[in-house]
Amino acid sequence: MTKMTLGITLSISLSPMLFASTSEIDELKNEVVLLKQMMKELKKSNNELRAYQNVTAKNSFVPASHNALSKLEASIEEIKTNLDGNEKSGSQLAGYASFGWQDTQNNDNEFDLVQFSPIFHYRYGNMFQFEGELEVKVEANGDTEIDLEYAAGNIFLNDYVGLIVGKFMSPIGQFVQNGHPSWINKMPSTPIGFGHDGAAPTSNIGVELRGGLPRFANTRSNYAIFVSNSPVFGIASDGDTIIDASGKTSSNGVSKTWGGRFAVNPTAGMEVGFSIASGDIAEELASGKKIARDYDVVGFDGAYNYDNFMFKGEYVKQKVGENVLSTLDGGIWKAWYSQLSYQFQGLNLEPIVRYGDYHNQEIKRKQWALGLNYLFANNVIAKLAYESNKDEDNSAVNSKANDNRLLAQFAFGF
Amino acid sequence: MKNIMKLIIPLTMFLTFSVNYAFANEHKGDSAKGAELWASSCMHCHNVREPADLSKRAWKYSMNHMRIRAGFTGKETRDILAFILETKTTKDAE
């Protein structure tokens, strides 16, 4: 019975196989072969992967990735350091540029000014800074004129003393050393007597000490003292007798110029300065011989800003002594100006009025100027001004001294 | 006047060079004092430049430049720079 039952059960269980066709069996066989091949390939891949891992482990591939990452992080840190200005030494370019137009009485109106003044700074920490400014201008005939306004190394000896060596702007007064850049000067023109070869010295070549002093009775003050090569006295190409007080690399065989400026800030927003200089001025005679004359300079300057009002004023006098060997008379070159401006913050408008006066033994001139500026930004300015010039005795060699002018200028600092 | 100048200036220079580096220190600037100076001093010569006008890097060069031009002490320079960089960071974050 049991044998019979087992036989029937087996027969039922195996019946599908018994009924399976030959083709189905072949298909199953093929599938088995395929599965075996796939298993072989998987084993092969697995072996290859293990071998690759062994090789990379031997060659320290993973630590190398870490090294690369470390280098990348170091590079990023260096870039960040440079961007933040924390590098030990480096340089940068600053400066200003201006473009002008003028309509002068008895003359054609013309686009008379294209000026670009790059200022190069090199810094070594907070110990040293070199500064150099070029003044690049296009002349009336299309030629380009390049002047080295200043180029000086500044060594900060301590918190109160900077030692300056090279060519530096004259510390006499304020306009020449700080007010001349076109984006700073609120007028499109220079105050009469404060330009090149006027009453104010422009630059020196020598050594200067300057800085801020410790507060006294809570009052701030600053100073500058210098020794430099002497200026030159003579006749310019236009026939005017001039003091050429721009820096020279020759002392022309005469004594050096010694001088300086001391300024105090009695209240916030106010600065009052006093300047003096003394030495010899050189003159070359027709024979080629160089002679010395006495040379003295005195200056006063003041600046005060209250609310949106800004007042500036300055006086400077250069005195040249006599020398019996020369046919040129000595004398006094003096100039002063005062300027008042007001900024309408919401409108970005700034009206300005300026009065100036310039005297020497040949010239007695007065100048009024009325201007209006539009400030696209505090360092991007469009200026429009009318300038009235009056030569009191009309004895000037330059016959254009009486010509009034309408001036427009676009200036920016960067 | 020439003789007086010749006496005063070399004497001043000698005294100046006699001062050692003890005055210079590496203390951080005081931004509150810097703000006060920034507001009251810059306008003597030019329109105020906003902290956002220049990069942090450019401000460090410019403040050295202004130390020379405006006659700031080293400490005053650091104070103004601290104010500018602090304000700038705030503005950059806005």
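In order, the protein sequences belong to chains A and B.
In this text, residue positions in the first sequence follow our numbering: the first is 7, and each later residue adds one.
In this text, residue positions in the second sequence follow our numbering: the first is -10, and each later residue adds one.
We put the beta carbon where it would ideally sit given N, CA and C, even for glycine.
Within 10 angstroms of the Cβ of A:Glu289, are there 16 or more other Cβ atoms? Answer buried if so, exposed if not.
Buried, because 16 or more other Cβ atoms sit within 10 Å of the Cβ of A:Glu289.
Assuming A:Gly218 contacts A:Tyr301 (C-beta within less than 8 Å), just tell me the rounded distance between them.
At roughly 29 Å, the Cβ-Cβ gap does not stay under 8 Å, so A:Gly218 and A:Tyr301 are not in contact.
Determine, using beta carbons only, whether B:Tyr10 comes closer than 8 Å to chain A.
Caution applies to B:Tyr10, whose pLDDT of 49 falls short of 50 and renders its modelled position unreliable; the value that the coordinates give is listed next. Interface residue, yes.
Once DSSP output is grouped into helix, strand and coil, what is the label at B:Ser20?
Of the three classes helix, strand and coil, the one that applies to B:Ser20 here is helix, per DSSP.
Name the residues in the segment 33 to 51 of chain B whose C-beta lies less than 8 Å from a C-beta of chain A; which are they?
His33, Cys34, His35, Asn36, Val37, Arg38, Glu39, Asp42, Ser44, Lys45, Arg46, Ala47, Trp48, Lys49, Tyr50, Ser51
Can you tell which of A:Gly253, A:Thr263, A:Ala206 has the C-alpha that lies nearest to the C-alpha of A:Ala231?
A small fix is needed here, since residue 231 of chain A is Ile in this sequence, not Ala. Per the Cα distances, A:Thr263.
Return the first residue and the last residue of the alpha helix (DSSP H) that B:Tyr50 is part of.
45 to 59
Identify whether A:Gly319 lies in helix, strand or coil by the three-state DSSP scheme.
strand
Beta carbons nearer than 9 Å to chain A: which residues of the segment 52 to 68 of chain B have them?
Flagged, chain order: Asn53, His54, Arg56, Ile57, Arg58, Ala59, Gly60, Phe61, Thr62, Gly63, Lys64, Glu65, Thr66, Arg67.
Quickly, what does DSSP pair A:Leu40 with across the bridge? List them, please.
Answer is none; A:Leu40 lacks a bridge partner.
Check whether the Cβ atoms of A:Asp307 and A:Gly266 lie closer than 8 Å to each other.
no
Buried or exposed: B:Leu74, going by 16 or more other Cβ atoms within 10 Å of its Cβ?
By the C-beta density criterion, B:Leu74 is buried, having at least 16 other C-beta atoms within 10 angstroms.
Taking the C-alpha atoms as reference points, what is the distance between A:Glu421 and A:Asn164?
As displayed, chain A neither begins before 7 nor continues past 420, which places residue 421 of chain A out of reach and without an answer.
With a cut-off of 8 Å, do at least 3 Cβ pairs link the segment 73 to 82 of chain A to the segment 103 to 121 of chain A?
With the cut-off at 8 Å, the segment 73 to 82 of chain A and the segment 103 to 121 of chain A do not touch.
Going along the chain, which residues of its own chain have a beta-carbon closer than 6 Å to the beta-carbon of B:Ser71, five neighbours each way excluded?
A small correction: the amino acid at residue 71 of chain B is Ala; Ser does not occupy that position in the sequence shown. Within the same chain, Cβ atoms closer than 6 Å to the Cβ of B:Ala71 are found at Gly18, Ser20, Gly23, the five residues on either side in sequence being excluded.
Closer than 6 Å by C-beta to A:Ala309: which residues in its own chain qualify, once you throw out the five before and the five after it? Chain order, please.
Glu277, Lys318
Does the distance from the C-beta atom of A:Ile249 to that of A:Ile287 stay below 8 Å?
yes
Counting C-beta neighbours from all protein chains within 10 Å, is the total for A:Glu137 16 or more, i.e. buried, or is it exposed?
By the beta-carbon neighbour count (other beta carbons within 10 angstroms, threshold 16), A:Glu137 is buried.
Between A:Pro194 and A:Gly362, which are expected to be in contact by the criterion C-beta below 8 Å, what is the C-beta distance as a whole number of angstroms?
Rounded, the Cβ-Cβ distance is 14 Å, inconsistent with contact.
Taking a contact to mean a Cβ-Cβ separation below 8 Å, would you say A:Ala206 touches A:Val304 in this structure?
no
Among A:Glu398, A:Asn384, A:Asn408, A:Leu390, which one has its Cα closest to the Cα of A:Tyr102?
A:Asn384
Just tell me which of A:Lys396, A:Lys340, A:Asn52, A:Ala375 has its CA closest to the CA of A:Gln367.
The shortest C-alpha to C-alpha distance from A:Gln367 to any of A:Lys396, A:Lys340, A:Asn52, A:Ala375 is the one to A:Lys340.
Against B:Ser20, what residues of chain A qualify as contacts under a CB-to-CB distance less than 9 Å, listed in chain order?
The contacting residues do not exist; B:Ser20 stays about 17 Å from chain A at best.
Under 8 Å between C-beta atoms, does A:Phe416 make it to chain C?
Within the model displayed, chain C is absent; protein chains A and B are what it includes.
Just to confirm the assignment, what range does the beta strand (DSSP E) spanning A:Met175 have?
167 to 175
Looking at the strands, I want to know which residues DSSP matches up with A:Asn124.
Looking at the sequence provided, one finds Pro at residue 124 of chain A rather than Asn. According to DSSP, which records beta bridges pairwise, A:Pro124 is partnered with A:Gly101.
Just checking: is the beta-carbon of A:Ala205 within a distance shorter than 8 Å of some beta-carbon in chain B?
Under the Cβ criterion of 8 Å, A:Ala205 is not counted among the residues facing chain B.
Relative to the alpha-carbon of A:Ile190, which residue among A:Ser123, A:Pro220, A:Asp149 has its alpha-carbon at the smallest distance?
A:Ser123
In this structure, how does DSSP classify A:His186 when only helix, strand and coil are distinguished?
coil
Which residue or residues does DSSP assign as beta-bridge partners of A:Val303?
A:Ala283, A:Gln324
Please tell me whether A:Leu381 and A:Tyr392 are closer than 8 Å, where the distance is taken between their beta carbons.
No, they are not a contact pair.
Rounding to the nearest angstrom, what Cα-Cα distance links B:Ser29 and A:Asp149 in this structure?
42 Å
For A:Asn395, report the span of its beta strand (DSSP E) as first-last.
386 to 397
Could you say which of A:Ser252, A:Leu48, A:Glu47 lies nearest to A:Ile2 if we only look at CA atoms?
In the structure displayed, chain A extends from 7 to 420; residue 2 of chain A sits before or after that span and is not available.
Taking 8 Å as the cut-off, decide whether the C-beta atoms of A:Pro272 and A:Thr225 are in contact.
yes
Per DSSP, what are the beta-bridge partners of A:Trp342 in this structure?
A:Tyr321, A:Asp363
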